[in-house]
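Reading through the structure tokens given below for one structure.
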Amino acid sequence: MLSLFNPPIDTVERLDTASRVFEPARTDYYQGRSGGQLQRLMTARKDFLAVWRQGDYRDKVSDLKMFGRQVVIVNSPEAIKYVVATRHENFERKTPQMRRALEYLLGDGLFISDGETWKQRRPLVSDIVHKNRVPAFGPIMTDTSLELVRRWEELGDGATVNALHEMAGLTAEIISRSVFGNDLGEDAAAAVTEGFTSYQSLIDSINLGYFLGFDEGLPQRRTPSLRRSVKRIHTIIDRVIEDHLAGKGDHNSMVDLLIRRQSRNPELKLDVVALRNEAATIFMAGHETTAATLTWAWYLLSRAPWIEELVHQEIDAVCGGNAPTVADVPKLKWCSAVIEETLRLYPPVPILARQNKQADRIGSIDVKKSSLIMIVPWILHRTPSLFDRPNEFLPERFAEGKRPVPYSYIPFASGPRVCPGLQFGLTESILCLAVIAQRFHVRVKEGHKVEPACRLTLRPKGGLPVTLHKRRGL
Ligand code: HEM
6 MLSLFNPPID TVERLDTASR VFEPARTDYY QGRSGGQLQR LMTARKDFLA VWRQGDYRDK
66 VSDLKMFGRQ VVIVNSPEAI KYVVATRHEN FERKTPQMRR ALEYLLGDGL FISDGETWKQ
126 RRPLVSDIVH KNRVPAFGPI MTDTSLELVR RWEELGDGAT VNALHEMAGL TAEIISRSVF
186 GNDLGEDAAA AVTEGFTSYQ SLIDSINLGY FLGFDEGLPQ RRTPSLRRSV KRIHTIIDRV
246 IEDHLAGKGD HNSMVDLLIR RQSRNPELKL DVVALRNEAA TIFMAGHETT AATLTWAWYL
306 LSRAPWIEEL VHQEIDAVCG GNAPTVADVP KLKWCSAVIE ETLRLYPPVP ILARQNKQAD
366 RIGSIDVKKS SLIMIVPWIL HRTPSLFDRP NEFLPERFAE GKRPVPYSYI PFASGPRVCP
426 GLQFGLTESI LCLAVIAQRF HVRVKEGHKV EPACRLTLRP KGGLPVTLHK RRGL
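Structure, rendered in structure tokens:
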């Protein structure tokens, strides 16, 4: 038997996880020439990961001009602490990019709000998804994963599926049952999920107006297809909320918790629209991220079967033949380490972008008001001075309570705006991984080239085709 945290040295091959360190062919990106700037902006619009240069993977703060706009890249733990914690009030604001892209769908939902609205709503949403509530949602996580496992079993050994679509379906179902309750119905749940997916594909990922001088950016164009997506989502969510307000609907759901909080604290003034905005925010923030985490975990495990073997041994030792439950999660230490290492190499939110309210100074850089501040977990997590062998998949970094240097590992962000669903997302990822890995080996389809691509979240471009193989003896 392999020891859990000390795999034999010869099995720890060098696994270069498709690190994307680019030296641009043109050298004028940083030199203020508008041709280079436009090229960089257009590259970022198509693929945000393609714009980084070797020098960006250093523990430092740097800046550049994009047309008239100052862009500051913050890649040192001390400077990150300064931005997200010490000077949170000055840097709490999301960029016009993010606000403009999501406001049509999420209104003043927590993800894009700031100032008083954010201060008032943050404790409310944090309480709804708080770690103490996670065990109550555990059975939804296990049961929904088991439904997927049963469906896969019927496909037969060696079947091919797209892991990204499968994981997106799984996590959408989990968050939908958690937020709206079990009564939403399959068709409505699918319509909400499709609505969110199409909304994301239709919005502009770069707000050119912001770079051209409009501090608040320019409004997102509301095309007929975008309007259709939004209307579909809003209509369904409003109906659920109205049912709950009328005393109907699942009392264990997050929507019900939100409504009960509102009736205890009427000063919150959460009307149907505000309730819808928060429910939609939790749905969106909580579904894509876990789907991406699980998809990348299958990719990494497929390339490191010696680590997968340890995952299987642990699940068998902890759960025997029973399906893993939320009570098993604290004992699934190797599965947790695999998820944490996956979040390091492929952070689902690879960029945290902010707009500072007032001029400031980060490290040695003077920052003008309304600049674009970028903390990029994608580069931070692969910075050689912060992580030994940064491009290798080594879950043992997180074994036996080991933690990276503070503010060097931030897949859930950090400071007052840290992800309130951190414990929900971690538990869900570990549990879904364990339920599925108990039954299956997942292998990336032979010959498929995996390429990370980033829009709102970091995903494998075109999905991840995998083959499914039942574990022997099960
Ligand atoms: C592996 C899973 C997850 C990851 C990696 C993740 C990551 C993040 C990150 C990085 C942020 C901050 C974004 C920024 O500041 O620009 C965030 C915010 C947020 N997340 Fe998560 N998240 C995950 C799961 C969840 C889940 C399951 C929920 C809800 C059930 C959730 C709810 C939220 C909300 C409401 C915010 C906005 C918080 C605020 O602005 O105050 N997340 N998440």
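In the numbering used here, the protein residues as written are 6 to 479.
No residue lacks a Cβ here, since even glycine has one placed at the ideal position from N, Cα and C.
Keep in mind the model is a prediction, meaning the values are calculated, not measured.
- Message: Restricting to Cα atoms, I'd like to know which of Ser268, Thr294 and Leu263 is closest to Leu280.
- Response: Leu263
- Query: Hey, is Phe201 close to the ligand HEM, as in C-beta under 6 Å from one of its heavy atoms?
  - Reply: no
- Message: So Pro329 and Gln443 are supposed to be a Cβ contact under 8 Å. How far apart are they, rounded?
- Response: Taking 8 Å as the upper bound for CB-CB distance, Pro329 and Gln443 are in contact here, some 6 Å apart.
- Task: Take Asp4 as the anchor and find which of Ile180, Asp162 and Ser118 has the nearest alpha-carbon.
- Result: Because the chain in this structure spans residues 6 to 479, residue 4 falls outside the shown range and cannot be described.
- Query: Taking just the CA atoms, how far does Ala164 sit from Gly426?
  - Reply: 33 Å
- State whether the stretch 131–149 contacts the stretch 207–224, with contact taken as three or more CB pairs (one from each stretch) at a distance under 8 Å. no
- Have a look at Arg308 and Lys450 and give me their C-alpha separation to the nearest angstrom. Distance between the alpha carbons of Arg308 and Lys450 is about 11 Å.
- Query: Going straight from the alpha carbon of Pro82 to that of Ile384, what length do you get?
  - Reply: 12 Å
- At what residues does the beta strand (DSSP E) containing Ala358 begin and finish? In the DSSP annotation of this structure, the continuous segment of the beta strand (DSSP E) that includes Ala358 starts and ends at Leu357 to Gln360.
- Task: Measure the alpha-carbon distance for Val77 versus Ser67 and round it to whole angstroms.
- Result: 6 Å
- From Gly452 to Arg349, what distance separates their C-alpha atoms? 25 Å
- So, do the stretch 366–382 and the stretch 322–340 have three or more beta carbon pairs nearer to each other than 8 Å? no
- Message: Are there any heavy atoms of the ligand MG lying less than 6 Å away from the beta-carbon of Pro400, as far as the coordinates show?
- Response: Here the bound small molecules are the ligand HEM; the ligand MG is not part of this structure.
- Runs of alpha helix (DSSP H) lying entirely within the stretch 177–251, each at least 4 residues, in chain order: 191–207, 213–216 and 229–250
- To which residues of the same chain is Ile435 closer than 7 Å at the C-beta, ignoring the five residues directly before and after it? Val334, Leu337, Cys340, Ser341 and Ile344
- Message: Within a Cβ cutoff of 7 Å, which residues of the same chain sit near Leu115, ignoring the five residues on either side of it in sequence?
- Response: Trp123, Arg126, Arg127, Val130, Glu283 and Thr286
- Message: Using 8 Å as the cut-off, can you tell me whether the stretch 184–198 makes contact with the stretch 249–257, which would need three or more C-beta pairs spanning the two stretches below that distance?
- Response: yes
- Can you give me the Cβ contacts of Leu250 inside the same chain, cut-off strictly under 8 Å, excluding the 5 residues immediately before and after it? The answer, listed in chain order, is Ile264 and Val277.
- Query: Should Thr347 be listed as close to the ligand HEM, given that the test is whether its C-beta is under 6 Å from any heavy atom?
  - Reply: no
- Query: From what residue to what residue does the beta strand (DSSP E) around Pro457 run?
  - Reply: Pro457 to Cys459
- Quick one: residues in its chain with C-beta nearer than 6 Å to the C-beta of Ala173, no 5 flanking neighbours on either side, listed in chain order? Ala296
- Message: Below 6 Å, is the gap between the Cβ of Pro424 and the nearest heavy atom of the ligand HEM?
- Response: With the sequence shown as reference, residue 424 is identified as Cys, and Pro is not the correct amino acid for it. Under cutoff, so the answer is yes.
- Query: Is the distance from the Cβ of Thr100 to the Cβ of Gln360 below 7 Å?
  - Reply: It is a contact, given that the beta carbons lie within the stated cut-off.
- Beta-carbon gap between Ala302 and Leu438 smaller than 7 Å: Yes, they are a contact pair.
- Task: Taking Arg366 as part of the alpha helix (DSSP H), name the residues at either end of that continuous run.
- Result: Segment Asp365 to Ile367 is the beta strand (DSSP E) holding Arg366; no alpha helix (DSSP H) there.
- Message: Going by C-alpha to C-alpha distance, which of Leu461, Thr472 and Arg477 sits closest to Thr202?
- Response: Leu461
- Span of the alpha helix (DSSP H) around Lys124: For Lys124, the enclosing alpha helix (DSSP H) has its first and last residue at Gly120 to Ile133.
- So, Pro382 versus Pro355, is the Cβ gap smaller than 7 Å? yes
- Pro465, DSSP secondary structure in three states: strand
- alpha helix (DSSP H) runs wholly inside the stretch 409–444, at least 4 long, in chain order: 427–444
- DSSP three-state assignment for Lys336, whether helix, strand or coil: helix
- Task: Report the residue from His386, Ser230, Phe445 and Arg422 whose alpha carbon sits nearest the alpha carbon of Thr91.
- Result: It is Arg422 whose Cα lies nearest to the Cα of Thr91.
- Query: How big is the Cα-Cα spacing for Asn212 and Ser206?
  - Reply: 15 Å
- Item | Local Cβ density within 10 Å of Asp162, reported as buried at 16 or more and exposed below that | Looking at its Cβ environment, which holds fewer than 16 other Cβ atoms inside 10 Å, Asp162 is exposed.
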